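Each remark here refers to the structure printed beneath this line.
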Amino acid sequence: MTSQHTHDHGGAHAHDSATSPGSAASQGAMTVLLDLDGEVLHDYWSAALDWVSGAAGTGTTRVLDLGAGTGTGALGLAERFPGAEVIAVDVEPGSLTRLRDKAAGRGLAGRVRELEFDLDAGWPDLGPVDLTWASMSLHHLADPGRVLGDALAATRPGGLIAVAEFAEPLRFLPPGPGFGQPGFEDRLVERLGRAHADALPTLGSAWAPRLADAGWAVTGEREFPVDLDPPAHPRAAEYARAWFARLADGFTDQLEPADQATLAALLGGDGLSRGAGLRIRGTRTVTLARRAA
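Plus 59 on top of the position in the sequence shown (first one is 1) and you've got this note's numbering.
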């Protein structure tokens with residue numbers, strides 16, 4: 060297990076990493092991608108965290124973020140629970156450094172604690188928690204069921220866990236002509252799915268049954284659609300470029316020549332730089348479950 064946050068991210072958490080997560084360059088690119096995900100998809104993050112914090116209630120005093128990345132979830136929850144301590148766990152020191160800097164800049168340094176830890180190696184000594192947030196991280200674990208059980212044991216009676224996952228990466232290109240051969244992005248996503256089928260077998264699976272199997276009582280599930288047409292955020296084109304650059308670093312040689320040319324044109328031209336014609340769309344699902352009181 061090398062990373063608990065390289066997900067999307069298409070959803071950054073391309074989060075589903077297409078490149079080797081062990082290199083400094085790869086982790087630097089992932090840090091940028093995670094930050095962009097938090098900024099460009101701000102409305103999704105706000106809606107999801109509002110829903111989770113409303114379900115958790117005002118008595119929440121200790122919050123855990125599993126696979127915190129650069130801290131979009133951890134910092135958002137710290138702001139929603141102004142009296143709570145937030146523990147941000149991730150295996151990548153570079154992401155945690157970025158999280159620490161962001162926390163300091165937002166006046167949260169005293170309440171957000173970073174912890175570098177590989178969840179595949181066991182469970183950290185954290186003490187009891189009221190709320191656990193796991194955003195697009197569990198599918199990277201070798202045994203997510205064991206981790207869900209460990210999280211249950213660490214949760215106070217009546218406490219909550221929120222698992223945010225996705226079935227497919229985000230899409231960035233509009234349907235129809237204009238970006239290379241027809242079906243270009245569909246083929247990229249299909250190729251990525253085949254690569255993940257063995258390496259990430261729980262990616263895209265239903266998480267409510269997995270939570271129930273670990274002893275949690277599932278209380279709700281909600282889909283949060285993303286459809287930015289066109290994306291208004293000024294860094295949307297940068298987000299798209301970072302996503303396609305990560306794919307290019309990992310899969311260019313596995314694509315057909317025409318698709319290789321399209322990918323090179325996307326990254327080498329000015330279309331993505333301007334953001335012309337982009338449409339960011341996808342779905343993230345958040346599942347809530349409680350420990351019995």
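Beta carbons: idealized from backbone N, C-alpha and C, even for Gly. All figures in this text were calculated on a predicted structure; none of them were measured in a lab.
Nearest-angstrom Cα separation, counted from residue j out to residue i
{"i": "L326", "j": "E227", "result": "22 Å"}
{"i": "G81", "j": "M89", "result": "Per-residue confidence for G81 stands at a pLDDT of 49, beneath the threshold of 50, marking its modelled position as unreliable; the derived number appears in the next sentence. Those two C-alpha atoms are separated by around 11 Å."}
{"i": "S112", "j": "D189", "result": "11 Å"}
{"i": "E175", "j": "A273", "result": "24 Å"}
{"i": "G354", "j": "E138", "result": "What is shown of the chain runs 60 to 352, which leaves residue 354 out entirely."}
{"i": "D160", "j": "A317", "result": "42 Å"}
{"i": "L306", "j": "Q319", "result": "11 Å"}
{"i": "G166", "j": "L95", "result": "21 Å"}
{"i": "L100", "j": "A221", "result": "18 Å"}
{"i": "A254", "j": "G97", "result": "25 Å"}
{"i": "D109", "j": "D202", "result": "29 Å"}
{"i": "D286", "j": "F303", "result": "18 Å"}
{"i": "S194", "j": "T311", "result": "28 Å"}
Nearest-angstrom beta carbon gap, residue j and residue i [assumed within contact, 8 Å]
{"i": "P290", "j": "L337", "result": "6 Å"}
{"i": "V150", "j": "D177", "result": "5 Å"}
{"i": "V122", "j": "W192", "result": "7 Å"}
{"i": "T321", "j": "E280", "result": "Incorrect: roughly 36 Å between the Cβ atoms, too far for contact."}
{"i": "R230", "j": "R340", "result": "5 Å"}
{"i": "W266", "j": "R350", "result": "Their Cβ separation, rounded to whole angstroms, is 16 Å, which puts W266 and R350 out of contact at 8 Å."}
{"i": "L155", "j": "A168", "result": "Contact doesn't hold; Cβ gap of about 13 Å is too wide."}
{"i": "A127", "j": "L158", "result": "6 Å"}
{"i": "E244", "j": "L262", "result": "Going by Cβ atoms, the distance from E244 to L262 rounds to 18 Å, so no, they are not a contact pair."}
{"i": "H198", "j": "E224", "result": "6 Å"}
{"i": "L219", "j": "A114", "result": "6 Å"}
Test: residue i CB closer than 9 Å to a CB of chain B
{"i": "D102", "result": "Protein chains in the displayed structure number just one, and chain B is not present."}
Start-to-end residues for the beta strand (DSSP E) that takes in residue i
{"i": "R343", "result": "339-349"}
{"i": "L123", "result": "121-125"}
{"i": "W192", "result": "188-194"}
{"i": "A223", "result": "214-224"}
{"i": "A147", "result": "144-149"}
{"i": "L174", "result": "171-175"}
Cut-off 7 Å between Cβ atoms - residues of its own chain near residue i, not counting five sequence neighbours on either side
{"i": "P284", "result": "T342"}
{"i": "L185", "result": "L123, I146, A213"}
{"i": "V91", "result": "A301"}
{"i": "E297", "result": "L95"}
{"i": "R246", "result": "D318"}
{"i": "E282", "result": "T342, T344"}
{"i": "H68", "result": "Annotation note: pLDDT 37 at H68 (below 50); position unreliable, coordinate value reported separately. So the qualifying residues of the chain are H74, L92, L93, D96, M195."}
Which listed residue (the options) has its alpha carbon closest to that of residue i
{"i": "L211", "options": "Y298, A323, D318, L125", "result": "L125"}
{"i": "L136", "options": "G116, P316, G153", "result": "G116"}
{"i": "W182", "options": "G204, G217, A223, L306", "result": "G204"}
{"i": "V171", "options": "H198, L197, P141, A180", "result": "P141"}
{"i": "P187", "options": "E173, P216, D202", "result": "P216"}
{"i": "G130", "options": "T120, G118, W104, W110", "result": "W104"}
{"i": "A162", "options": "D257, L134, D179", "result": "L134"}
{"i": "E144", "options": "T120, G132, G164", "result": "T120"}
The alpha helix (DSSP H) enclosing residue i, as first and last residue numbers
{"i": "A273", "result": "A273 -> no alpha helix (DSSP H), and no H or E assigned at all."}
{"i": "R305", "result": "295-310"}
{"i": "L247", "result": "243-258"}
{"i": "H101", "result": "101-115"}
Same chain, Cβ closer than 6 Å to residue i, five either side skipped, listed in chain order
{"i": "G153", "result": "Q86, T90"}
{"i": "V277", "result": "A267, L270, A271, A348"}
{"i": "T346", "result": "V222, W266, A267, E280"}
{"i": "G132", "result": "D124, W192, S194"}
Chain-order list of residues whose beta-carbon lies under 8 Å from that of residue i (same chain, five-residue window excluded)
{"i": "D179", "result": "M60, L200, A201, D202"}
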